[in-house]
Structures are given as C-alpha cells and as structure tokens.
Amino acid sequence: MNKIYFSIILSIFFINCNNSQSNKTTAAKDMITKKSWGEVDGKEVYLFTLENKNGTIVTISNYGGTVTSFVTKDKNGNPSSIIIGFDSLQPYLQQPPYFGALIGRYANRIGDAKFNLNGITYKLADNNGKNSLHGGLKGFDKVIWNATIPDKNIPALTLQYVSKDGEEGYPGNLHVSVQYSLSDNDELRIEYNAETDKATPVNLTNHSYFNLSGSAANTILDEKLMIDADHYTPVDTSLIPTGEIKPVKGTPFDFTSPKKIGKDIDLVKGGYDHNWVLNIKDTSMQKVAALSDSISGRTLEIFTTQPGLQFYTGNFLDGKFINRDGKPLLIHTALCLETQHFPDSPNKPNFPSTILKPGEKYHEVTIYKVKTNN
Ligand code: BGC
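Take the sequence shown: its letter number 128 is residue 132 in the numbering used here, and every next letter is one higher.
Okay, structure coming up:
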C-alpha cells in the first residue's frame with residue numbers, strides 16, 4: 005500500500021479513537037460537508053465546512069488547499085472569522101497574496117531563484133524581484149488538490165497533490181498529502197506528509213492571515229504576541245536571510261514575553277517580515293507562539309514540529325482586496341504566523357537542511373488553537 009495513504013489511514017484511526025467519546029453524544033449531523041464552489045482549469049472546485057461540537061467552523065477549499073475562514077465565538081458569544089478572506093471563489097482567482105493557502109514546494113524565498121543540489125544548478129521562477137517566492141509562478145496555492153473526506157462524522161479533510169518532476173523548476177515527483185482536522189478543543193491541526201523520487205528541497209506551510217478581533221476594521225498592532233525564540237535570521241534588502249543567526253535580546257525582535265506588536269514595529273524598516281529560530285528541543289510538537297486580543301478576548305496558540313516561524317505583519321496589504329466583512333485589507337490589518345524551515349535554506353549550509361531524499365518521509369504538524377476568555 006502507498007506509504008502516504010497508509011499514514012493517512014493511521015491518523016484517521018487515531019482521530020476516530022479520540023473522538024469516539026464525543027461521537028456517542030453528538031447528533032447524526034455531518035461534521036464535514038462539501039459544496040460546489042466553481043471551476044478552475046476545467047476542474048470543479050469545492051468548499052468544505054468542518055464543524056465541531058462547540059459550533060466552531062473552518063471552511064477550506066481544494067483550490068490551493070485554502071483555509072477561507074475560521075469562525076469562533078468572541079468573549080460576548082458573537083461568531084466571527086479570525087482569518088481574513090472571502091466567501092466566494094472569484095476574489096481568490098485575482099491572486100490575493102496567498103490568503104489562507106497551502107504553500108509549496110518551498111515556502112518563502114530562495115535567493116536569486118536558484119540552488120545547487122548534487123552538482124546541478126536548478127533554476128526557479130524569479131517571481132519576487134530576483135528571488136523565488138512561495139513555490140514560483142504556480143505554487144501549491146494555485147493548484148487544485150484532490151480532496152477526500154475520510155469520515156463524515158469527523159471534521160477532517162485530506163488533500164493530495166502530485167507535483168511533477170520539473171514543475172516550477174524543482175526536481176523529482178513529489179507526492180504531497182495534507183490533512184486538516186478540527187478538534188473539539190478548537191484546534192485546527194494541519195499535518196503535512198510528502199515523498200519524492202529525486203532529492204528536492206521541501207518546505208510546506210499554511211499562509212493564513214489572522215486578525216483575532218474578527219474584523220479588518222481593527223489593525224493587529226494592539227494584539228499581543230509571544231514567540232518562544234531567542235534568535236532570528238536577519239535579512240538583506242530583498243528579504244533574503246544574510247545567513248546570520250542573531251539573538252533577539254535587546255532588539256525589536258524580542259517577543260520572548262508577550263508584547264504588543266505595535267510597540268517596536270516602527271524600529272523595523274518595512275515592518276516585521278522575518279523568520280524566528282524557535283527554541284525547539286527536538287522534533288516533537290511544542291507550543292511556540294501565542295497571540296492575544298483584548299477586543300474579542302481570543303487567544304491563538306501555535307504548536308509545531310517545525311524549526312522556524314515567519315512572522316509577517318501584512319506590510320504589503322494595500323487595500324486592493326476587501327475582506328468578507330466589507331473592510332479593505334490595508335497595511336497591518338492582518339498578520340501571518342507561518343511555521344516553516346528557514347527561508348533560503350537550500351543556499352545556506354548552516355541552516356537546518358530542507359532536502360528530502362527518495363525513501364525518506366517528510367512529516368510536519370502544526371496546530372492553531374483558539375481560546376476565548378469570557
Ligand atoms: C513573506 C512576505 C510576503 C508574504 C505574501 C510572507 O510569507 O514573508 O514577504 O509578502 O508572504 O506573499
């Protein structure tokens with residue numbers, strides 16, 4: 005049996021075991037539903053709705069594997085989405101900057117849009133100045149994923165995509181599987197699996213933009229952030245890491261205890277758009293960041309197996325796109341906390357390797373957990 009398929013079956017089995025208690029008490033309502041959402045490249049696009057017993061709802065499309073909304077109740081019991089986005093497919097086709105999408109084959113930038121591997125230079129699309137960003141011209145955010153619902157009684161969705169040898173310049177046929185699931189503890193869990201038939205860089209993430217207040221009328225500058233990282237990777241003017249790993253202590257990059265995002269942002273040219281080197285002990289799942297908002301009473305906790313976190317304060321949002329609440333998405337109206345390997349790792353031998361070899365299994369997990377203080 006295909007190894008990825010086997011690992012999906014195994015994780016569904018575990019989710020099933022974890023949910024068996026709540027299944028006894030919940031009504032026969034489906035915990036995941038599917039509706040037609042349009043067509044792209046002659047292929048049907050769907051929107052899936054995952055709901056848990058608290059009435060928390062996550063909607064995901066197989067177009068780009070995009071999380072379009074994550075609706076939870078605020079401290080007054082009013083539901084709103086903590087993720088910016090749209091309720092229809094059309095605006096996603098106007099290429100917003102990766103709202104909610106799955107990013108691959110390589111999240112963030114590769115310098116000069118090229119890398120060397122086993123004596124061969126691979127040339128990528130230079131879609132961000134002279135660099136390559138988020139997988140190239142048609143990254144995993146713009147493809148149609150094959151979607152399956154493992155069990156309609158469980159709010160979980162499996163997405164699969166085969167990235168062909170040479171696609172966007174990357175070597176090897178890469179079989180990717182991503183499973184989204186929503187727990188009864190309001191955790192959105194994202195599990196990434198991949199296998200290749202030739203050595204290739206792989207760096208997968210989700211590009212959701214959060215605004216915990218639930219409305220783009222508020223900026224994120226008053227939200228408080230903690231990142232469990234004593235170091236970060238400084239960048240050059242084109243946002244490529246210099247290769248240094250510098251301490252955050254005494255700099256605007258210090259989020260080791262909760263700090264308002266707006267406090268030091270003016271000291272960082274262009275705003276935050278950097279990779280933090282997480283204080284990880286090993287490759288097991290760890291809490292690495294927490295974001296909180298006093299308007300809504302919501303807190304978002306992030307757990308991951310990945311070594312890095314890209315914290316981006318929506319510096320390039322310019323009002324071109326209108327959020328579902330009718331508000332223009334202007335600078336700092338949303339932020340990203342992308343769990344990942346470090347940008348430009350294929351060209352930085354001192355960074356943890358992102359090369360996946362045939363016979364190896366890429367496996368990473370990230371959880372976004374929402375809590376609300378009443
Ligand atoms: C990058 C930003 C970029 C944004 C949207 C983030 O991951 O770090 O520089 O503007 O994605 O493309």
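No residue lacks a Cβ here, since even glycine has one placed at the ideal position from N, Cα and C.
Grab the span of the alpha helix (DSSP H) containing residue i for me, first residue to last.
i     : result
LEU97 : 94-97
Pull up the DSSP beta-bridge partners for residue i, would you.
i      : result
TRP386 : Residue 386 lies beyond the residue range present for the chain, which begins at 5 and ends at 378; the question has no answer from this structure.
ALA198 : VAL180, TYR366
VAL49  : GLY42
ALA151 : LEU163
PHE119 : TYR126
VAL206 : Paired residue(s): none; VAL206 is not in a bridge.
PRO245 : VAL239
LYS267 : DSSP output for LYS267 lists no bridge partner at all.
PHE103 : DSSP lists no partner for PHE103.
SER136 : ILE114
THR376 : ARG302
PHE214 : ILE87, LEU339
Would you mind reading off the limits of the beta strand (DSSP E) that contains residue i?
i      : result
LEU295 : 290-297
PRO83  : 83-85
VAL182 : 178-186
LYS331 : Looking at the DSSP string, LYS331 is not in any beta strand (DSSP E), and its letter there is neither H nor E.
ARG109 : First-last for ARG109: undefined, no H or E at that position.
LEU304 : 302-308
SER73  : 71-77
TYR343 : The question names Tyr, yet the displayed sequence has Thr at residue 343. Taken as a continuous stretch (DSSP letters only), the beta strand (DSSP E) holding THR343 covers 339-344.
LYS228 : 228-231
SER65  : 61-65
Considering only the alpha carbon of each residue, which of the options lies closest to residue i?
i      : options                        : result
LEU51  : LYS57, TYR316, ASN222, SER92   : SER92
ILE36  : SER187, SER167, ASN82          : SER187
VAL44  : GLN98, LYS267, ILE61           : GLN98
HIS367 : GLN344, SER84, TYR96           : GLN344
SER40  : THR60, ASN66, ASN135           : ASN66
TYR409 : SER288, ILE153, ASP258, PRO205 : What is shown of the chain runs 5 to 378, which leaves residue 409 out entirely.
TYR276 : LEU304, THR287, ILE224         : ILE224
ALA338 : HIS211, TYR372, TYR110         : HIS211
ALA198 : ILE86, LEU163, ASN215          : LEU163
ARG193 : PHE90, LYS264, GLU305, ASN132  : GLU305
THR376 : VAL166, PHE346, ASN189         : ASN189
LEU106 : LYS267, CYS340, PRO175         : CYS340
SER300 : THR70, VAL49, LYS38, ASN80     : ASN80
Is residue i near the ligand PLP, judged by its Cβ being under 7 Å from some heavy atom?
i      : result
TYR316 : The ligand PLP is absent from the structure shown, which contains only the ligand BGC.
Segment contact flag, the region 318-332 with the region 145-159, C-beta cutoff 8 Å, min 3 pairs: no
Three-pair Cβ contact test at 8 Å for the region 310-321 versus the region 71-79: no
Three or more C-beta pairs below 8 Å linking the region 348-362 and the region 292-308: No, because fewer than three Cβ pairs between the region 348-362 and the region 292-308 fall closer than 8 Å, the two stretches do not touch.
Given 8 Å, three or more beta-carbon pairs between the region 137-146 and the region 245-263: Cβ pair count under 8 Å is below three, so no.
Inter-stretch contact (C-beta, 8 Å, three-pair minimum) for the region 199-219 and the region 345-358: yes
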